[in-house]
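Undergrad: Residue numbers (UniProt numbering): 1 to 529.
Note that CB positions come from ideal geometry on N, CA and C, so glycine has one too.
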């Protein structure tokens with residue numbers, strides 16, 4: 001009997017049941033809908049409640065599904081009314097509170113099943129859509145950029161907090177409220193109301209990518225939580241710091257993330273397409289050919305220290321003896337200052353290391369030597385320690401992110417990290433020392449005072465055709481594109497860098513110690529008459 005196969009069948013998530021039920025209905029050409037349900041989030045418990053991850057997975061404590069003809073029809077059939085169909089399925093959460101179980105099923109219909117009617121009414125993913133958003137809506141907007149009005153419309157469609165979709169949309173609504181020019185691209189799993197990928201960047205991040213497009217870094221934070229990884233695109237600002245210009249949160253094992261992220265960045269900031277000259281990636285990043293397609297003038301580099309660690313681990317895995325010469329040899333190989341030095345180290349490798357490793361190296365790393373050997377490195381990148389820059393970025397993320405965050409919480413943490421992150425890195429004492437070294441005591445004291453206001457002031461910024469506009473809550477001050485001049489009375493009276501210039505430089509990544517800021521007041525410099 002069909003009932004016997006379904007009775008007591010277990011499901012460990014509402015998504016699992018939804019996928020099973022879609023296939024089951026398609027095979028039998030039957031139409032069911034949810035007659036009533038009890039969401040777990042609204043249950044009251046006499047004993048310990050289910051864990052939050054179980055509530056998220058199962059969604060309901062009980063669900064009753066009934067045939068589409070449950071109410072019957074008033075159309076006369078063979079001299080009388082057609083009675084309502086009794087076919088139904090009941091699921092309940094198990095006593096262990098870790099799964100859904102089919103506790104009742106009556107699958108005999110009192111009417112003929114019509115394939116034409118089924119084809120017209122059946123909507124794949126209906127059960128998932130029923131809990132939050134219509135599947136047709138998520139399928140339509142998936143892989144598209146969304147704006148504030150789109151997010152508000154989606155919020156108006158939401159029926160529940162299922163899948164964390166409502167939380168994600170609420171965060172995005174807040175982002176657009178504070179930053180209408182932000183860019184966001186959403187990807188939903190096909191035929192499911194489940195967020196697969198979120199690409200986003202603020203207007204501040206876009207400004208950084210426009211000002212510092214020369215070198216980019218693509219970094220991956222594995223294991224953000226049990227489901228998602230975090231990818232970041234960074235630039236190098238005027239002070240040599242790594243600064244985020246885009247984020248991509250995605251479910252683990254999502255393919256071709258490099259192509260998706262770079263394509264989304266270029267769509268958001270088209271100017272960078274031809275300006276990027278070098279992009280540095282981790283050893284695990286695949287599909288490097290996407291870089292040439294999307295950033296035609298960019299060279300690909302692989303983080304040298306990660307290559308070294310990979311080669312050393314592989315040598316041990318393939319049977320290399322414990323030989324203290326191996327690590328120095330690999331270091332000389334990676335740091336080769338000429339093709340001859342590289343070839344010499346490669347020849348020595350054949351003597352010291354097993355043939356299996358040599359074959360592995362020749363197959364996987366020698367053809368890409370221009371991507372990781374120092375001699376072939378992009379000239380400007382030679383002065384940037386890519387490994388240290390990426391490690392610093394990982395440390396900042398670990399400090400900023402909540403433990404095992406949801407996707408929505410992670411987005412909040414990342415956005416909070418952007419707001420004021422530069423101020424935390426501002427070393428007023430060190431900067432003041434630099435200015436005292438080139439300035440007379442009085443102007444040096446004024447500059448030190450203005451540096452303090454740059455950190456503690458509450459400012460809003462706006463890019464203009466001429467440069468920047470800063471709002472301090474009372475007044476607006478205009479600055480030029482180079483951020484060397486300001487319309488405030490402090491600058492115009494002293495011709496010394498003011499708090500507004502420092503705050504805007506801090507935000508946009510320009511160096512705060514810049515002797516060029518004093519070129520209009522040479523009298524402030526030591527040695528001036």
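Once the 5 residues before and after residue 256 are set aside, which same chain residues still bring their CB inside 6 Å of it?
TA: The answer, listed in chain order, is 287.
Undergrad: Give a yes or no on whether 8 Å exceeds the smallest Cβ distance from residue 390 to chain B.
TA: Although the question refers to chain B, the structure presented lacks it and comprises just one protein chain.
Undergrad: If I follow the unbroken beta strand (DSSP E) through residue 391, where does it start and stop?
TA: Where residue 391 is concerned, there is no enclosing beta strand (DSSP E), although the alpha helix (DSSP H) it sits in stretches over 386-400.
Undergrad: Please classify residue 486 as buried or exposed, where buried requires at least 16 neighbouring CB atoms within 10 angstroms.
TA: By the 10 Å Cβ count, residue 486 comes out buried.
Undergrad: So, with DSSP's three-state summary, where would you put residue 20?
TA: Residue 20 falls in the helix class under three-state DSSP.
Undergrad: Residues in the same chain with beta-carbon distance under 8 Å from residue 155, minus the five sequence neighbours each way, listed in chain order, please.
TA: Excluding residues within five positions, the ones whose Cβ falls inside 8 Å are 166, 169, 170, 173.
Undergrad: Quick check on residue 114: buried or exposed, where buried means 16 or more other Cβ atoms within 10 Å of its Cβ?
TA: With fewer than 16 other Cβ atoms within 10 Å, it is exposed.
Undergrad: Would you kindly report the start and end of the unbroken beta strand (DSSP E) that includes residue 410?
TA: Residue 410 -> not in any beta strand (DSSP E); alpha helix (DSSP H) instead, spanning 407-418.
Undergrad: Would you kindly work out how many angstroms separate the C-alpha atoms of residue 332 and residue 411, rounded to a whole number?
TA: Those two C-alpha atoms are separated by around 41 Å.
Undergrad: Determine, using beta-carbon pairs with one atom in the region 220-232 and one in the region 175-182, whether at least three such pairs fall under 8 Å.
TA: No, the region 220-232 is not in contact with the region 175-182.
Undergrad: Considering only residues of the same chain and omitting the five flanking positions on each side of residue 124, which have a CB-CB separation below 6 Å?
TA: If we look at residue 124 and ignore the five residues flanking it on each side, its Cβ neighbours are 22, 191.
Undergrad: Just to confirm the assignment: which complete beta strand (DSSP E) runs, minimum length 3, are found wholly within the region 112-194?
TA: If we require 3 residues or more, the beta strand (DSSP E) runs fully inside the region 112-194 come out as 144-146, 183-188.
Undergrad: Is DSSP giving residue 443 helix, strand or coil here?
TA: In the structure shown, residue 443 sits in a helix (DSSP, three-state: H, G or I).
Undergrad: Alpha helix (DSSP H) containing residue 205: first to last residue?
TA: 203-211 is the span of the alpha helix (DSSP H), which, as asked, contains residue 205.
Undergrad: Residue 372 and residue 301 - do their beta-carbons sit closer together than 8 Å?
TA: Against a cut-off of 8 Å, the Cβ pair of residue 372 and residue 301 comes out as a contact.
Undergrad: Could you give the DSSP three-state label for residue 531: helix, strand or coil?
TA: In the structure displayed, the chain extends from 1 to 529; residue 531 sits before or after that span and is not available.
Undergrad: For residue 279 versus residue 269, is the C-beta distance shorter than 8 Å?
TA: Going by C-beta atoms, residue 279 is not nearer than 8 Å to residue 269.
Undergrad: With a 10 Å radius around its C-beta and 16 neighbouring C-beta atoms as the bar for buried, classify residue 364 as buried or exposed.
TA: By the 10 Å Cβ count, residue 364 comes out exposed.
Undergrad: Rounded to whole angstroms, what is the Cα-Cα separation between residue 35 and residue 259?
TA: Cα-Cα distance, rounded: 44 Å.
Undergrad: So is residue 135 buried or exposed if we call it buried at 16+ other beta carbons inside 10 Å?
TA: Flag for residue 135 reads buried.
Undergrad: Quick one: residues in its chain with C-beta nearer than 6 Å to the C-beta of residue 342, no 5 flanking neighbours on either side, listed in chain order?
TA: Taken in chain order, the residues that qualify are 336, 373.
Undergrad: What does the Cβ neighbour count give for residue 53, buried or exposed, with the cut at 16 atoms within 10 Å?
TA: Counting Cβ neighbours within 10 Å, residue 53 comes out exposed, since fewer than 16 surround it.
Undergrad: With contact counted as at least three CB pairs below 8 Å, one residue from each stretch, are the region 491-502 and the region 209-224 in contact?
TA: Taking 8 Å as the limit for Cβ pairs, the verdict is that the region 209-224 does not touch the region 491-502.
Undergrad: How big is the Cα-Cα spacing for residue 503 and residue 429?
TA: For residue 503 and residue 429, the distance between alpha carbons rounds to 16 Å.
Undergrad: Can you tell me which of the three DSSP states residue 249 falls into?
TA: Note: residue 249 maps to strand in three-state DSSP.
Undergrad: Residue 119 and residue 106: beta carbons closer than 8 Å?
TA: Their beta carbons are not under 8 Å apart, which means residue 119 does not touch residue 106 by this criterion.
Undergrad: So is residue 299 buried or exposed if we call it buried at 16+ other beta carbons inside 10 Å?
TA: It is buried - the Cβ of residue 299 has at least 16 other Cβ atoms within 10 Å.
Undergrad: Along the alpha helix (DSSP H) that carries residue 508, what are the first and last residues, could you check?
TA: Run containing residue 508: 499-508, per the alpha helix (DSSP H) assignment.
Undergrad: Buried or exposed, going by whether 16 or more other CB atoms sit within 10 Å of the CB of residue 45?
TA: So residue 45 ends up on the exposed side.
Undergrad: Going by the beta-carbon positions, is the gap between residue 83 and residue 62 smaller than 8 Å?
TA: Going by C-beta atoms, residue 83 is not nearer than 8 Å to residue 62.
Undergrad: Start and end of the alpha helix (DSSP H) containing residue 349?
TA: Residue 349 -> alpha helix (DSSP H) spans 339-352.
Undergrad: Would you kindly check if the distance between the Cβ of residue 58 and the Cβ of residue 40 is under 8 Å?
TA: Yes, the pair counts as a contact, with Cβ atoms nearer than the cut-off.
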